[in-house]
Structures are given as C-alpha cells and as structure tokens.
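A quick write-up on the structure given underneath.
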Amino acid sequence: MLCRKETTVGNASNVDMNEVAIQMKNIVKKFGNFVANDHINLTIHKGEVHAILGENGAGKSTLMNVLYGIYQPTSGSIEIDGKEVVIEGPEKAIELGIGMVHQHFMLVQPFTVTENIILGDEPRKGLVVDKESAKKKIMELSEKYGLMVDPDAKIEDISVGMQQRVEILKVLYRGAKHLILDEPTSSLTPQEISELMEIIKNLTNDGKSVILITHKLKEITEAADFCTIIRQGKYIDTVKVDEVDENALASMMVGRNVEFKVEKKDIKPGKVALDVKNLHAKDYRGVEILNGLNLQVREGEIVGLAGVDGNGQSELVEILTGLMKAESGEITIEGVDIFNKSPKEIFDTGVSSIPEDRQKHGLVMDYTVSENLILQNFGTEKFSKHGILKKSAMKKFADEMIEKFDIRPRGCETRLAKQLSGGNQQKVIIAREVTNDKELLIAMNPTRGLDVGAIEFVHKYLVEQRNKGRAVLLVSFELDEIMSLSDQIQVIFEGQITGSVKGSEADENELGFLMAGGKKDEA
Amino acid sequence: MKRKFNIWEGNFIYTLLAIVIGFVVGAILLSVAGIDPSVAYGSLYEGIFGDKKYIVYSMVYAAPYILTGLSVAFSFKTGVFNIGAEGQFVVGSLAAVLVGLFVDLPPVIHPIVCMLAAAVAGAIWGGVVGLMKIKRGINEVLSYIMFNWIAYYLSNYIVISKSVKDESVEATRLVKDSARTLMSDKMVIATGCPTVNWGFVIATVCAIALWFIITKTTLGYQLRAVGLSKTASEYGGISSSKIFMSSMAISGMLAGLGGAVHTLGMTGRISQFAGQESFGFDGITVALIAGSNPIGCIFSGLFYGAMKYGGNKLTLVNAPKEVVNIIMGTIIFFIAIALLFKRIMVSVSEKKNSDVKSAKED
Ligand SMILES: Nc1ncnc2c1ncn2[C@@H]1O[C@H](COP(=O)(O)OP(=O)(O)OP(=O)(O)O)[C@@H](O)[C@H]1O
Ligand SMILES: [Mg+2]
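Just so you know, the sequences run in chain order A and B.
Residues in the first sequence are numbered from 7 upward in steps of one, following this note's numbering.
Residues in the second sequence are numbered from 54 upward in steps of one, following this note's numbering.
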C-alpha cells in the first residue's frame, strides 16, 4: 500500500513556474562549530507545495527558522518575490507575508484559543481589545477551512490536536502569503490530515505557496509538487514528486533501504497485566469523557487503541499514569491496585510511558540529555548514593543510551534537551521509558515527528518489549502503525471500547467504520 | 578545534556593566545635588578600603546579607520568590536572642544551639507559607508579606515585654557572653574591629554547602527540575508539593540563620523596630546581583555589605547615605534588563562573527 502512487493534488497543480516566490541560496547555518545547514538551496514557486524531507536532525527546522528570521544565516542569501531581503526577525518575515507553524507549539497555556490567535495582532475597539469581532473572524476561518476549535477554551485544557489547529489558524489569521508548516500533521488524526491537505489545496488555488515539512511520505506524494531532500545538513536533491515513489524518497533521505514492515514473531500472550474495569472520568469542563471503559492488556501483547482524537484516549492515558484523577472504576497492574495513585506509585508498581506531549511532560527542556535520562531513576542506587548524584554513572548511562537509541548528534549528553531536534527529543524519552522496562509500557503516539528510519527503530523496540513478555498499550492516531504493530486492536469511541479486532485481521475500512461509532455487527 | 568563547554569552560581564552604570547614575545624582561625585566616591572608597579595620567591618556587615541572599537565591531555583526572607530573618533573630538570654550553656555550644533555634524558627516561618501554598493554593507572595508583618509586630511585642527588655534602652538585654559568636580578643586587637565574628565564615560555609546541594545531590536535581518544569517533574514522579515545602523551609532556614549571625555576632540584642529592617529585602538584591548562584552570593553579599558600611561615611562629606540605595537600585534595574541586552549582544556578536566568516569564505 505504501508504494502506491497517489497523484491527486499533484496533478491538479497550481504551480506557476514563471514566478519564484522564495529563493534561498547557499544557506549555511552553524551553531558554534556544528553545521546544521551546509549550503542549502531552495526554490519555491507561486502556488507550489514544496515538501522538505530529511531525517531527524537533518536541519529542516533550522532552515525554516532561518527563513522566518528566528536565526540569522551564517552565510547565504534569501530572495522573497524576486527581491533580496534580510529577515532580521519574525516581524519582518510576517511583513514579507511569511507565516510559520512551528513544530512545537508556541502557545500561551493559560490563555484562551481566541487570545492566543490574536496575540500581537489584537483588533481594537477604542482602547480595548475587541474580542468579539476577533472571535467572529476566527470562527469564520475555522469554518472555512474545517479547523474546528473551541474559541473560549484555555490552551492548557485542550488536546494536542486542537492546539495544532489553533497554530494553523493563527497563521491564517495574519493572512500569510507563504506558509511554512513544520510537521503540521504529526499530531493530527488521519481525518484531520485529509482536511488539512484540502486546506493546502485551497491555499495554493489562491496563489499562495506552502512549504511542508513532514516525515510521512504518503503526504508528500499526495500533496506536494516538489520535494527537497536534506541529509545531515547537506542538500541532496530536489525532485518532482510525480516522478518518484515512496521507497525512492525514503532511501534518498536515509541513504539506505528502509523496511516498512515490522517483523513480529508469534508468541502466546500471558496473564493479564493491565486490567481496567468500568472506568468513569470527567474532563476539564466536567463533561463525562470516560464512560465505563473496560480494557485489558496481557503480558507479551501489544494492544492498539484506535480512535478519533477526543474520544477519551488522552484522558485514559493521563489516568493510567497518575496525572489525572478518575471518578470511579478499577485499575490494576498485575493485580495491584493503581486507581488514582500518584505518578510515582504507579511507576513503582510497574508502568512506564511515553507521553503525548513530549515538551510538557516528557522532558525538562532546560535539563541536559543526561539529566533527562534519569528523570524517574535519579534516586536509585545506580545514579546516586546517600543523596549524592553519581555524575560519572550518569554520563556512562547517557553515552550508552545515545549509542543504543541513535540519539543525534553523538556526544550530546551535556546538551540541553531543547537544543535537540524534535525527533531526537522523542528518542531521549523512548530510550528512558523502554529502558525502564516495566510490566506495562504505555506509548502515546510514540513515533510522532520521527523520520521513517527512526520509526522502524521505535517499532522494533516496542515489539522487543512485547517479545520479552511485557504488556504494551499503544495509543496512536496512525492507523498504519496500529495495524502493523498490534496483536489486538481496541476501538475507543465516546469514552468506551466499542469494538475489538485481531491485529492480523484488521482492515482500514472496518476500523474507520468502528472509529466513527459504528457497531461491529452492522459492518 | 575548540569553540571560541564568546564573552557576551556569560553573565559576569553584564553584572559588571550594571554595577558601572549604577555608579554612573549615582554620580549624576550627586552632581545634581551639588556634591562632587569624586569627593563622595572618594570617601566611600576610603570608608571601605582606607583601613584594614574597615575591610573587616565590611565583612562583618556582609554576613547576614550573604545568608538572606542565599535564602532568596535558593528559592529562585525552585521557581519560588522568597520575599518573606525579611520575616524569617526577624524570627531567626528573635529565636537566637531568646535562647541566648534564657538558656545556660557553655560557650561554643551555646551559639550553636542559638543558631539551630534560629534556623528552625526561620524554617517554620517559611514552611508554614509553603504549607498554605500546597494545601490551600494560597499565593506564597501574599502570605510571605503577611508573615513579614506578623514577625515584625511579634518582635516588637517581645522586645518590650518585661522579662526581656533592657531597662535603659528600647531593646532587649544583651545575650549572655557565652552565646556570642565573637572571635577571640587577639583577633579583635589584630583587626581593630570589636565585633569581628564568625558570621562571615558561617555564611561562606553555607554558600558552599548550598552550591553542593544544588549541583550534586538528588535533592538539588529535584529542586531544579521542579523549578524548570513542574509538569515534566510530576510526570517523572517528583512530588512538586514536597519539593516546594523543602525549598521554602530551607530557604527560611537560611534567612533565620542570617538573623542569628547578625544578632549573636554584631548587635548582641534586638532593638525595637521603627520599620522593617530590610535585611531580607536586601537579600533579593544580593541574590539578583549573584544571578542566583550561591557562590556568587558570597561576592555580591560582600559588595552589598561594604556599600552599606562605606555608605555610612558619606554623611561625613554631607552626601546623603541614600545614594548607596540609589546605586543599588540602579544596578538591579540594569541587571534585570541585562537579559534583554544579553540577547541583543549575543545575536550581534554572532552576526559579526559570521559576517567575518562569510567575508573570508568569499
Ligand atoms: N539552538 C541550537 N543550538 C545548538 N544546536 C542546535 C540548535 N537548534 C538545532 N540544533 C541542532 O541542529 C541540528 C538540526 O536540527 P533541526 O531542528 O533543524 O532538525 P530537523 O531536521 O528539524 O529534525 P526533526 O525532524 O527531528 O525535527 C540538530 O542536530 C540539532 O541538535
Ligand atoms: Mg524539526
């Protein structure tokens, strides 16, 4: 399926080859001695969707930050609409009609959706901010592009998916001509992704150009006209998307062949590790979000939880990890009660997890990689004695993890987590949680933002945990991921498990039907 | 090839710059007031470095400021702002003086017990605020300020109560000699300072201990983690309430100890306050100048102590000693905006470097 060529948007292309919108020439960006961009060229035409493809840490976000004025290039030049420009900062970029949706959200948590969107560009009525008219404009945009948001909800209360939609609305609100979307789809559901592709199409119809960074090859072949490939900071090639297939793209980017299929040996699942019975919970608004949910994960089994975002999966994971309290129900790990226990108690009982929001929960962004790797284990004998940290053990462990989990760049253990590329931040968390080696591993969108090579890698580790007899609960919006990894797929809808399919027998249409609330016997 | 050290990336240069600007602003104000700044600064300098005795005095003055500075700096690490160091300092003084007055103990042991009492008092004063924060969600800044006033009135109430008040002055009686932290007569003669005491040594030891705790221990790891990201810390199983409690109690302990060092070393008693004495508030200044670095607090505390001590002598040349406060205020102001300034300087110097490089590459 992955090799199929889909040429929907590509064919109905709006590219105007005579009009160059953005031209980046010989861009070099260094951080100290580290060369993140090494003479990169990029040409974007009017009405074009241009994908940028590269491994985690290849320098994609850096290049885009240069274009958006966040970083100054060490050398090289930029032309916008035919004129050479110096983009001193994002204000200048916005003035030039460039809008950017960052890979990581740049939202003010305690503010509402509306407040975040208008921040810095507030409509006024006299001296006061005219929130009502702003809200109206936002609702119009939201309707027009199918980006549903709750304009009055606070950012800290809404799901990652909705936060992403807010980010996109923010750029549209400012009326950008050239849009940079840095991994906009990594946290969207398949449904939302196809809606976004529709939006992108509308934008190019308008003569706007879109730079799309994504690790999902399918999106590139579906939506992009051109694709520029970057490997370890170096420019490799720019190809016409119509003329290549996904395998070719993948090997150009990684420099080797990539296996898309996961090898899974047959094993018999053991006894029940996680047992959730009749779980009820309310979300931040007091609305019932889990509705008597029952779920079991056995040893040596990967259970995939499939569902449309907002059906209670985030809340379920928060309850299972102790970040949120449930109303009623029963939760046990190997028979031990963990219902409404603290994160520490739950961890000690035998649950480790890869959180949905890596920057909020997964990492202390201003801690080094090695400090982050011991987040739960700093108190163990391995890393401390009489309350004093063993720095050399920490370094040794970090070096091991960096090597084993291919965290780049090598020797980054003294770097702050925030200085790693998004995908490598994710690898730090995965290294830590997989190494914790608990009875149950919960993985929430574990490959979000990872390149195909790294995904292959993470999948290998999840399967390895399973093969070792550990229970794995995989929550993911990627149906492909759920289908290729799970032994058992459970479908969550409106806070309940509404369907269950054997992994080997799963079929995308059937799952889609169940996820939309259909009942199995009706299928 | 090693990465070139960019001086603009450190903090030191900005602190230095802020201090220079502080003095310049002070000079301008002095001239406006019709006082020759060179004369005023001359006497300030004389007042601090003019005699060995003066230097020792400056160190004596500095000890409590180092401790309140440490108290505030420590709280910053966990993302708490200990504006309550003032009150903790006062209850610390009170505890030290009361134990010094009413308990009979041999020398050496006596001041240690006094200091322990002060530390406990300070820890409780800060800890209760912490408890209110984590149990009831009461904003700590508000309760800190309230607790400052409670300490203030409590102290004044006790100072004038019959059993502790001195008959001739509005202050407590002097604590027993066995409770004082004064150094030997030999040292007094050698330095020429009658109140030369162990305070500075104690403060320095505390600073080093604190630095060790913050950078080397699991407690420090947790404190900083909570300060940097409460959400990720909780996710990782660190109980942020426990950490807030410990940090606020330790922070209170340090300020309380500051009170003990001051009373047992320098004054020997507590006077009735006409207003808040401001050792705790000045600790904020000390912590900010030190960039919250415990070792830095030793130096900024010394600087502050010296300025306070030397500032007293400005009156000799008819300059108001408040000039010192203005200089300090200006320094803080500029340290605060240094962050902004730093960003600009780092990007400018990076750009310059890259301009040079790209020119070479062409
Ligand atoms: N501020 C910084 N300081 C030092 N190094 C940095 C900084 N920002 C990025 N880097 C390094 O530059 C390289 C490229 O990072 P970048 O974020 O551009 O990667 P990316 O291609 O967007 O990867 P991903 O797909 O994981 O998001 C990485 O090795 C990263 O560690
Ligand atoms: Mg990136």
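Quick reminder that beta carbons are idealized off the backbone N, C-alpha and C, glycines included.
Worksheet item: At which residues does the alpha helix (DSSP H) containing Met70 (chain A) begin and terminate?
Response: 66 to 73
Practice prompt. Specify whether the region 333 to 353 of chain A and the region 372 to 381 of chain A touch according to this definition: at least 3 beta carbon pairs, one from each stretch, less than 8 Å apart.
Written response: no
Fill in: Cross-chain neighbours of Leu281 (chain B) in chain A, by beta carbon under 9 Å
Val370, Met371, Asp372, Tyr373
Fill in: Same chain only: Cβ atoms within 6 Å of His56 (chain A), ignoring 5 sequence neighbours per side
Ile50, Ile217, Phe232
Discussion item. Any heavy atom of ligand 1 closer than 6 Å to the beta-carbon of Thr195 (chain A)?
Written reply: no
Worksheet item: Which stretch, first to last residue, makes up the beta strand (DSSP E) that contains Lys215 (chain B)?
Response: Counting along the chain, Lys215 (chain B) falls outside any beta strand (DSSP E), and DSSP gives it neither H nor E.
Practice prompt. Please work out which residues of its chain come closer than 7 Å, Cβ to Cβ, to Gly501 (chain A), disregarding the five sequence neighbours upstream and downstream, and give them in chain order.
Written response: Glu294, Ile295, Leu296, Asn297, Leu299, Asn317, Gly318
Discussion item. Less than 6 Å between C-beta atoms, sequence neighbours within five positions excluded: which residues of the same chain meet that for Tyr36 (chain A)?
Written reply: Looking at the sequence itself, residue 36 (chain A) is Lys, so the reference to Tyr does not match. For Lys36 (chain A), where only same-chain residues beyond five positions count, the Cβ hits under 6 Å are Thr80.
Item to complete: Please classify Lys106 (chain B): is it buried, with 16 or more other beta-carbons within 10 angstroms of its beta-carbon, or exposed?
Response: exposed
Fill in: Arg189 (chain B) versus B:Leu227, B:Tyr98, B:Ser294, B:Val279, residue with shortest Cα-Cα distance
B:Ser294
Item to complete: From the DSSP output, in three-state form, read off Arg237 (chain A) for me.
Response: strand
Worksheet entry | Those residues which DSSP pairs with Phe232 (chain A) across a bridge | A:His56, A:Lys246
Worksheet item: How about Val172 (chain A) and Val107 (chain A): do their beta carbons lie closer than 7 Å?
Response: no
Worksheet item: How is Val375 (chain A) classed by DSSP in three states: helix, strand or coil?
Response: helix
Worksheet item: In the structure shown, what three-state DSSP assignment does Arg130 (chain A) receive?
Response: strand
Worksheet item: What residue ranges within the region 278 to 347 of chain B form continuous alpha helix (DSSP H) runs of no fewer than 4 residues, ordered along the chain?
Response: 283 to 288, 293 to 314, 332 to 342
Fill in: From A:Glu149, A:Asp127, A:Leu133, residue whose alpha carbon lies closest to that of Ala140 (chain A)
A:Asp127
Worksheet item: For Ala86 (chain B), which of helix, strand or coil comes out of DSSP?
Response: coil
Worksheet item: Thinking just about the alpha-carbon of each residue, which of B:Leu154, B:Gly289, B:Ile72, B:Val370 is nearest to the one in Asp219 (chain B)?
Response: B:Leu154
Discussion item. With H, G and I counted as helix, E and B as strand and the rest as coil, what does DSSP make of Val282 (chain A)?
Written reply: strand
Worksheet item: When DSSP labels each residue in this structure, what does Ala256 (chain A) get in the three-state scheme?
Response: helix
Discussion item. DSSP three-state label for Phe40 (chain A), please.
Written reply: strand
Discussion item. Within a Cβ cutoff of 6 Å, which residues of the same chain sit near Thr355 (chain A), ignoring the five residues on either side of it in sequence?
Written reply: Ile339, Val342, Ile344
Fill in: Gly175 (chain B): first and last residue of the uninterrupted alpha helix (DSSP H) it sits in
162 to 189
Worksheet item: With a Cβ-Cβ cutoff of 7 Å, do Ser358 (chain A) and Leu426 (chain A) count as a contact?
Response: no
Discussion item. Does the structure place the region 302 to 317 of chain B close enough to the region 162 to 176 of chain B that three or more beta carbon pairs sit under 8 Å?
Written reply: yes
Practice prompt. Look at the Cβ atom of Pro347 (chain B), then the Cβ atom of Ser231 (chain B), and state whether they are nearer than 7 Å.
Written response: no
Fill in: Cβ of Ala278 (chain B) within 7 Å of any chain A Cβ
yes
Worksheet item: What are the boundary residues of the beta strand (DSSP E) that Leu218 (chain A) is part of?
Response: 215 to 219
Discussion item. For a test of the three-state rule: what should DSSP assign to Met168 (chain A), helix, strand or coil?
Written reply: helix
Worksheet item: In the region 144 to 201 of chain A, which residue ranges form an unbroken alpha helix (DSSP H) of at least 4 residues, counting only runs that do not cross its ends?
Response: 166 to 179
Worksheet entry | Reduced DSSP secondary structure (H/G/I, E/B, other) of Lys508 (chain A) | strand
Practice prompt. Go ahead and label Lys466 (chain A) buried or exposed: buried means 16 or more other beta carbons lie within 10 angstroms of its beta carbon, across all protein chains shown.
Written response: exposed
Practice prompt. Kindly indicate which three-state DSSP category Asp493 (chain A) falls into: helix, strand or coil?
Written response: coil
Worksheet item: Is any beta-carbon of chain B found at less than 7 Å from that of Gln29 (chain A)?
Response: no
Discussion item. Given a cut-off of 7 Å on the beta-carbon distance, is the pair Glu462 (chain A) and Glu265 (chain A) in contact?
Written reply: yes
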